[in-house]
Amino acid sequence: MAFLATVLDRVKPSATIAVTQKARELKAKGMDVIGLGAGEPDFDTPDNIKAAAIDAIHRGETKYTPVSVIPELRKAIAAKFKRENRLDYTPEQTIVGTGGKQILFNAFMATLNPGDEVIIPAPYWVSYPEMVAICGGTAVFIESKLEDSFKTTAEALEAAITPETKWFLFNSPSNPTGAAYSRDELKALTDVLLRHPHVWILTDDMYEHLVYG
1 MAFLATVLDR
11 VKPSATIAVT
21 QKARELKAKG
31 MDVIGLGAGE
41 PDFDTPDNIK
51 AAAIDAIHRG
61 ETKYTPVSVI
71 PELRKAIAAK
81 FKRENRLDYT
91 PEQTIVGTGG
101 KQILFNAFMA
111 TLNPGDEVII
121 PAPYWVSYPE
131 MVAICGGTAV
141 FIESKLEDSF
151 KTTAEALEAA
161 ITPETKWFLF
171 NSPSNPTGAA
181 YSRDELKALT
191 DVLLRHPHVW
201 ILTDDMYEHL
211 VYG
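Residue numbering for the sequence shown follows the numbering used here, beginning at 1 and increasing consecutively.
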């Protein structure tokens with residue numbers, strides 16, 4: 001009897017972790033290496049964040065929180081969506097996780113059945129298809145082109161949708177290309193999705209405030 005679950009056979013090792021580890025090994029040998037693997041800031045955690053974390057520890061805020069997370073945080077998240085994104089959500093409609101990866105995984109685990117499809121624009125963050133696979137779904141890729149600035153077009157999205165499509169996983173600005181969609185481009189994609197109400201959308205907005213220019 002095999003000890004490990006066969007579902008793990010669907011998952012490939014992370015290319016990001018592999019190249020990051022390779023860069024570390026070369027640096028340890030004294031080589032001058034610029035790591036282009038895991039995305040990590042080249043500056044330390046800001047002092048105000050350090051101070052807030054230390055203050056929380058001194059106040060004894062180290063116990064279990066409510067499963068739904070502390071009300072103050074949920075209120076702050078709802079206020080952020082209202083202030084920055086003009087979206088009206090109540091604190092009760094928010095869910096907090098340990099990061100975007102956990103939230104995406106939880107969503108897939110709770111909704112995907114064998115045969116369900118998740119549309120993923122390519123190039124993509126390496127973890128996307130692996131999460132879909134381990135949750136029993138099938139990743140469907142939309143290949144993008146340089147002449148389209150590596151963006152998914154409305155026509156390509158329309159062509160990728162089938163009766164088995166459950167999710168469209170959207171990431172803008174994109175990892176790894178940095179492609180950011182205009183309002184008109186987003187409108188074109190949403191027009192397609194509105195014609196297919198059985199398709200839900202997951203947006204990974206990790207890079208919402210990261211702009212280089």
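In this text, a Cβ means the ideal position worked out from N, Cα and C, and glycines have one as well. Since the structure is predicted, the reported quantities are computational estimates derived from the model, not experimental observations.
Check your understanding: Could you give the residue range of the alpha helix (DSSP H) that holds residue 201?
Key -> Note, residue 201: premise wrong, no alpha helix (DSSP H); beta strand (DSSP E) at 200 to 203.
Review point. What is the residue span of the alpha helix (DSSP H) that residue 155 lies within?
Key: Per DSSP, residue 155 belongs to the alpha helix (DSSP H) from 154 to 160.
Exercise for review: Please list the segments of the alpha helix (DSSP H) lying wholly inside the stretch 113 to 155, counting only runs of 4 or more residues, in order along the chain.
Suggested key: 127 to 134
Review point. To which residues does DSSP link residue 169 through a beta bridge?
Key: 202
Practice item. Pick out whichever of 146, 149, 155 and 141 has its Cα sitting closest to the Cα of residue 165. Key: 141
Review point. Shortest alpha-carbon distance to residue 177 belongs to which of 131, 151 and 195?
Key: 151
Check your understanding: At which residues does the alpha helix (DSSP H) containing residue 82 begin and terminate?
Key -> 71 to 85
Review point. Three or more C-beta pairs closer than 8 Å, one from the stretch 111 to 118 and one from the stretch 92 to 103: is that the case here?
Key: no
Exercise for review: Report the three-state DSSP secondary structure of residue 100 (helix, strand or coil).
Suggested key: helix
**Study point:** Nearest residue (CA-CA) to residue 200, options 189, 182, 168 and 172
**Key:** 168
Practice item. Assign residue 113 to buried or exposed, taking buried as 16 or more other Cβ atoms, counted over all protein chains shown, within 10 Å of its Cβ. Key: exposed
Review point. Looking at C-alpha atoms only, which residue of 22, 43, 28 and 26 is the closest neighbour of residue 37?
Key: 22
Practice item. Report yes if the C-beta distance between residue 130 and residue 33 is below 8 Å; otherwise report no. Key: no
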